[in-house]
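Numbering (this note's numbering), first residue to last: 26 to 268.
Below you can see the structure in the form of structure tokens.
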């Protein structure tokens, strides 16, 4: 199937505009290389999606000294990803080396437009950078060892109900595996409006979609969830439906 990516980007641009507020989406197929991005370099606060970078960064740090995550660190990481536990994420952030450690991790994973801050959930990132991250942690020949890769992706496949919106909503009968990490919080600097983000991966028989959708200025958390879920579903449909 030949895909007119420019036309798809224009269609998605229209969908993004319809929702009001701000939203960005980036999608790539790891198999065919097809890639689209709408406002993909616009910066947003990460909320809890940055926990994937924190965990992956700590894994990489442990590998650098010839080791692996300890049993305690694995449990902290599992809770941070599958339950989005903030206390455990803060402990992992400290183990990583705080702001400097997170910045180093982002750089190693090729996230050139991600800026770490001490309040880790307010780290700024882009949809394009998040796609870069998910591709990096999914690459069998990438920076993470296979055991670390399997751990992290396994946790992203086991997120609790209520925290699995967005990317999984686009998974249909062809999906063999689905991985997700979502993030959300109300922002004081936007008068209590909501930041809602979703990142992840849908593995199908003939495609391996990596997806990131970030949004802010949402009136409620529920509205933000609806925005990112709608955009992810429509982007996937545009890419998989013959013209």
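Glycine included, C-beta positions come from ideal geometry on N, C-alpha and C.
First through last residue of the alpha helix (DSSP H) which encompasses residue i
{"i": "residue 216", "result": "Premise fails: residue 216 is in no alpha helix (DSSP H) and is neither H nor E."}
{"i": "residue 172", "result": "171-181"}
{"i": "residue 261", "result": "246-265"}
{"i": "residue 32", "result": "30-43"}
Extent of the continuous beta strand (DSSP E) run through residue i
{"i": "residue 239", "result": "233-243"}
{"i": "residue 52", "result": "47-54"}
From the options, residue whose alpha carbon lies closest to that of residue i
{"i": "residue 120", "options": "140, 133, 108, 99", "result": "99"}
{"i": "residue 108", "options": "207, 215, 45", "result": "207"}
{"i": "residue 113", "options": "134, 239, 76", "result": "76"}
{"i": "residue 157", "options": "110, 52, 253, 256", "result": "52"}
{"i": "residue 43", "options": "256, 234, 200, 172", "result": "256"}
{"i": "residue 200", "options": "173, 179, 234", "result": "234"}
{"i": "residue 231", "options": "55, 35, 61", "result": "55"}
{"i": "residue 265", "options": "46, 240, 59", "result": "59"}
{"i": "residue 212", "options": "222, 205, 184, 241", "result": "241"}
{"i": "residue 274", "options": "78, 173, 203", "result": "The displayed coordinates of the chain run from 26 to 268. Any statement about residue 274 would go beyond what the structure contains."}
{"i": "residue 186", "options": "178, 159, 205, 163", "result": "205"}
{"i": "residue 244", "options": "262, 145, 216", "result": "216"}
{"i": "residue 252", "options": "172, 34, 155, 46", "result": "46"}
{"i": "residue 197", "options": "28, 73, 261, 106", "result": "261"}
{"i": "residue 103", "options": "146, 180, 154", "result": "180"}
Bridge-paired residues (DSSP) for residue i
{"i": "residue 229", "result": "200"}
{"i": "residue 209", "result": "221"}
{"i": "residue 62", "result": "51"}
{"i": "residue 149", "result": "70, 140"}
Cutoff 8 Å: residue i Cβ touching any chain C Cβ
{"i": "residue 95", "result": "Any reference to chain C falls outside this structure, which holds one protein chain only."}
Cβ-heavy atom distance, residue i to the ligand ATP, below 7 Å
{"i": "residue 36", "result": "The model depicted lacks the ligand ATP and carries no ligand whatsoever."}
Return the chain-ordered ranges of every beta strand (DSSP E) run that is complete within the region 69-139 and spans a minimum of 3 residues.
Uninterrupted beta strand (DSSP E) stretches at least 3 residues long and entirely within the region 69-139 do not occur.
Segment contact flag, the region 80-88 with the region 116-133, C-beta cutoff 8 Å, min 3 pairs
Two segments are said to touch when three or more pairs of C-beta atoms, one from each, lie closer than 8 Å; by this definition the region 80-88 touches the region 116-133.
Check whether the region 189-204 touches the region 221-237, taking contact to mean three or more Cβ pairs, one atom from each stretch, closer than 8 Å.
Contact between the region 189-204 and the region 221-237 is present, because at least three Cβ pairs lie under 8 Å.
Segment contact flag, the region 59-72 with the region 149-164, C-beta cutoff 8 Å, min 3 pairs:
With the cut-off at 8 Å, the region 59-72 and the region 149-164 touch.
Would the region 46-61 and the region 132-149 be scored as touching if the rule is three or more Cβ pairs under 8 Å?
Fewer than three pairs of CB atoms, one per stretch, sit closer than 8 Å, so the region 46-61 makes no contact with the region 132-149.
The region 177-191 in contact with the region 247-267 per 3-pair CB rule at 8 Å
Counting C-beta pairs with one atom in each stretch, the region 177-191 and the region 247-267 have three or more that are closer than 8 Å, which means they touch.
Touch test, the region 86-93 against the region 29-39, Cβ-Cβ under 8 Å, three pairs minimum:
Contact between the region 86-93 and the region 29-39 is not established, with fewer than three Cβ pairs separated by less than 8 Å.
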